[in-house]
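Protein chains in written order, with the UniProt record's numbering: chain W, 1 to 252; chain P, 1 to 252. Here a beta-carbon is modelled for each residue, glycine too, at the ideal position from N, C-alpha and C. Inspection log for the structure reproduced underneath, given as structure tokens.
Number of protein chains: 2
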Amino acid sequence: MATGRTHRPATRSRGIPEATVARLPLYLRALTALSERSVPTVSSEELAAAAGVNSAKLRKDFSYLGSYGTRGVGYDVEYLVYQISRELGLTQDWPVVIVGIGNLGAALANYGGFASRGFRVAALIDADPAMAGKPVAGISVQHTDELERIIDDNGVSIGVIATPAGAAQQVCDRLVAAGITSILNFAPTVLSVPEGVDVRKVDLSIELQILAFHEQRKAGEGEAAEDRLPPPPATKSDRKGPDGDLPAVMPA
Amino acid sequence: MATGRTHRPATRSRGIPEATVARLPLYLRALTALSERSVPTVSSEELAAAAGVNSAKLRKDFSYLGSYGTRGVGYDVEYLVYQISRELGLTQDWPVVIVGIGNLGAALANYGGFASRGFRVAALIDADPAMAGKPVAGISVQHTDELERIIDDNGVSIGVIATPAGAAQQVCDRLVAAGITSILNFAPTVLSVPEGVDVRKVDLSIELQILAFHEQRKAGEGEAAEDRLPPPPATKSDRKGPDGDLPAVMPA
DNA sequence: TTGTGTGAAACTTTTCACAGCG
DNA sequence: CGCTGTGAAAAGTTTCACACAA
Chain W
1 MATGRTHRPA TRSRGIPEAT VARLPLYLRA LTALSERSVP TVSSEELAAA
51 AGVNSAKLRK DFSYLGSYGT RGVGYDVEYL VYQISRELGL TQDWPVVIVG
101 IGNLGAALAN YGGFASRGFR VAALIDADPA MAGKPVAGIS VQHTDELERI
151 IDDNGVSIGV IATPAGAAQQ VCDRLVAAGI TSILNFAPTV LSVPEGVDVR
201 KVDLSIELQI LAFHEQRKAG EGEAAEDRLP PPPATKSDRK GPDGDLPAVM
251 PA
Chain P
1 MATGRTHRPA TRSRGIPEAT VARLPLYLRA LTALSERSVP TVSSEELAAA
51 AGVNSAKLRK DFSYLGSYGT RGVGYDVEYL VYQISRELGL TQDWPVVIVG
101 IGNLGAALAN YGGFASRGFR VAALIDADPA MAGKPVAGIS VQHTDELERI
151 IDDNGVSIGV IATPAGAAQQ VCDRLVAAGI TSILNFAPTV LSVPEGVDVR
201 KVDLSIELQI LAFHEQRKAG EGEAAEDRLP PPPATKSDRK GPDGDLPAVM
251 PA
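Spelled out as structure tokens, the structure:
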């Protein structure tokens, strides 16, 4: 999902597979819940169930971090919480800026999961002068003009883009120029960034479309398929949208 | 990401790889943009750049759908838009319910990308009686009591959960009992669903944590590692004590 | 000549299954 | 004996490179 993918060949010593990294937060969440209930140890089986994966995968994942379990017993919850937090870099505090304080940006600012995990909302930024000074989630929104200064003053390296698609690339460029090296993009557009900058995207529409794909399949299960048949003739001027041409609108 | 994973062995005739399915919405978005600019054809190279992938991957992906291109020329934009839409099941209209109309739920209700892609917000549902009747994004919020009736009346098969984590499983159970077979979960919790129900999750905190992991790595790049070394020692010299004290150590 | 479509190779991720530690 | 840790096999995904259709 990251665009700035060109990570080092990195197959060197400390190469934790990307798939494993993506699951560490899941394990951490499950472990935190256990920790809160003062559960001292868990088996791979139990923890895997809580995290929604299978135990073999979990054990393999943990094996990349080291041998943190005890055979015949399981894993020490507190110890694992610490190890995974450290591995993920959550033992330090990450200041984050959110750009674009519309519905989504506000929702993000209010999202509790941020603060509870080493992330601190350092600033909320919006291009609308009318927003400036307004408090959202207890933080006063600042104008885009301040962007560079804010990032510099706070040593921010992670930015969240929640602007309309049309503004995303421009905002991205400014963030990168200001020193941001990791971006979480909610705008439905592909961002281009220089080497060394990581981008992850979250796209609601895409998730729904994937669900629709599987949903459709379930529906056309038992029957002989009606939409499943060979595609219409490939003659160009032919089809333009017999029944299904899309309105085709992007959120702007 | 889907929990109800147990998909059919499906190695049957029309098996489109999951990784490919996940990219189809990306291609569709890029194609739609081209279509709006009345571009008649694209090469795999151009389209791949617009979608943020490489061209070999794109061609391979399309090859699973069929041979929709013209050698020496490229792909007909309109035709591909249609084919991908059909493949994703977007030529039909999917009614969707959103449960949990807090900050996030409201943001989702207002999200333009929904309506523009074959998805229709059929209802907004919230457990707070005070919310009932209030209009959000032009739709009147309904109380949870109505959930089953709403789903049934509208033939809804896709549900979006935007409730707090604590309520998610309960809401999920009701959705499933009411006939929902695809769920997009924004609550930071693992949902358990019966076979045949698809779950996809979106978790902000997880995405940020993955970014933090890579960010941390960038920071400790050139130097001799200070956080990379064995963590602060503890009573660990003789393998791990049953009591959960913090750090111990070491790499494999 | 151009750019698709695709076998085959390379790489990644998951699953299996069991040795061996506690 | 129970459960971790891990080689080895299987499955899935990406990349390569080129035959070949238009």
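Tell me whether residue i is buried or exposed, calling it buried when 16 or more other Cβ atoms sit within 10 Å of its Cβ.
{"i": "residue 134(W)", "result": "exposed"}
{"i": "residue 202(W)", "result": "buried"}
{"i": "residue 196(W)", "result": "exposed"}
{"i": "residue 77(P)", "result": "buried"}
{"i": "residue 73(P)", "result": "exposed"}
{"i": "residue 61(P)", "result": "buried"}
{"i": "residue 15(W)", "result": "exposed"}
{"i": "residue 19(W)", "result": "exposed"}
{"i": "residue 39(W)", "result": "exposed"}
{"i": "residue 220(P)", "result": "exposed"}
{"i": "residue 198(W)", "result": "buried"}
{"i": "residue 51(P)", "result": "buried"}
{"i": "residue 17(P)", "result": "exposed"}
{"i": "residue 32(P)", "result": "buried"}
{"i": "residue 115(W)", "result": "exposed"}
{"i": "residue 37(W)", "result": "exposed"}
Is it true that the CB of residue j sits closer than 8 Å to the CB of residue i?
{"i": "residue 191(P)", "j": "residue 183(P)", "result": "yes"}
{"i": "residue 103(W)", "j": "residue 123(W)", "result": "no"}
{"i": "residue 160(P)", "j": "residue 96(P)", "result": "yes"}
{"i": "residue 101(W)", "j": "residue 131(W)", "result": "yes"}
{"i": "residue 44(W)", "j": "residue 55(W)", "result": "yes"}
{"i": "residue 212(P)", "j": "residue 89(W)", "result": "yes"}
{"i": "residue 94(W)", "j": "residue 112(W)", "result": "no"}
{"i": "residue 163(P)", "j": "residue 176(P)", "result": "no"}
{"i": "residue 189(W)", "j": "residue 165(W)", "result": "yes"}
{"i": "residue 206(W)", "j": "residue 204(P)", "result": "no"}
{"i": "residue 109(P)", "j": "residue 137(P)", "result": "yes"}
{"i": "residue 147(W)", "j": "residue 106(W)", "result": "no"}
{"i": "residue 99(W)", "j": "residue 125(W)", "result": "yes"}
{"i": "residue 75(W)", "j": "residue 42(W)", "result": "yes"}
{"i": "residue 64(W)", "j": "residue 80(W)", "result": "no"}
{"i": "residue 158(P)", "j": "residue 46(W)", "result": "no"}
{"i": "residue 210(W)", "j": "residue 86(P)", "result": "no"}
{"i": "residue 142(P)", "j": "residue 150(P)", "result": "yes"}
{"i": "residue 23(P)", "j": "residue 53(P)", "result": "yes"}
Give me whichever residues DSSP pairs with residue i in a beta bridge.
{"i": "residue 184(W)", "result": "160(W), 200(W)"}
{"i": "residue 142(P)", "result": "125(P)"}
{"i": "residue 74(W)", "result": "70(W)"}
{"i": "residue 25(W)", "result": "Partner(s): none; residue 25(W) has no beta bridge."}
{"i": "residue 41(W)", "result": "76(W)"}
{"i": "residue 99(W)", "result": "125(W), 161(W)"}
{"i": "residue 120(P)", "result": "95(P)"}
{"i": "residue 136(P)", "result": "139(P)"}
So does residue i have its beta carbon nearer than 7 Å to some heavy atom of the ligand ZN?
{"i": "residue 82(P)", "result": "The model on display carries no ligand, and the ligand ZN is accordingly not part of it."}
Task: Members of the segment 198-215 of chain P that neighbour chain W once the beta carbon cut-off is set at 7 Å - done: 198, 200, 202, 204, 205, 206, 207, 208, 209, 210, 211, 212, 213, 214, 215
Open item on the list: Short of 7 Å Cβ to Cβ, which residues in the segment 175-195 of chain W face chain P?
Closed with: 181, 182, 184, 188, 190
Open item on the list: Taking beta-carbon pairs under 8 Å, can you tell me which members of the segment 45-59 of chain W lie near chain P?
Closed with: 50, 51, 52
TODO: Using a Cβ-Cβ cut-off of less than 9 Å, list which residues of the segment 110-133 of chain P approach chain W; keep chain order.
DONE: 110, 111, 112, 113, 114, 115, 116, 117, 118, 119
- [ ] Give, in chain order, every residue of the segment 92-112 of chain P whose Cβ lies closer than 9 Å to some Cβ of chain W.
- [x] 92, 94, 96, 102, 103, 104, 105, 106, 107, 108, 109, 110, 111, 112
- [ ] Give, in chain order, every residue of the segment 155-171 of chain W whose Cβ lies closer than 7 Å to some Cβ of chain P.
- [x] 157, 158
TODO: Report the residues of the segment 21-32 of chain P with a CB closer than 8 Å to any CB of chain W, ordered along the chain.
DONE: 21, 22, 24, 25, 26, 28, 29, 30, 32
TODO: Return the residues of the segment 63-91 of chain P that lie within a Cβ-Cβ distance of less than 9 Å from chain W, sorted by chain order.
DONE: 65, 66, 67, 68, 70, 76, 78, 79, 81, 82, 83, 85, 86, 87, 88, 89, 90, 91
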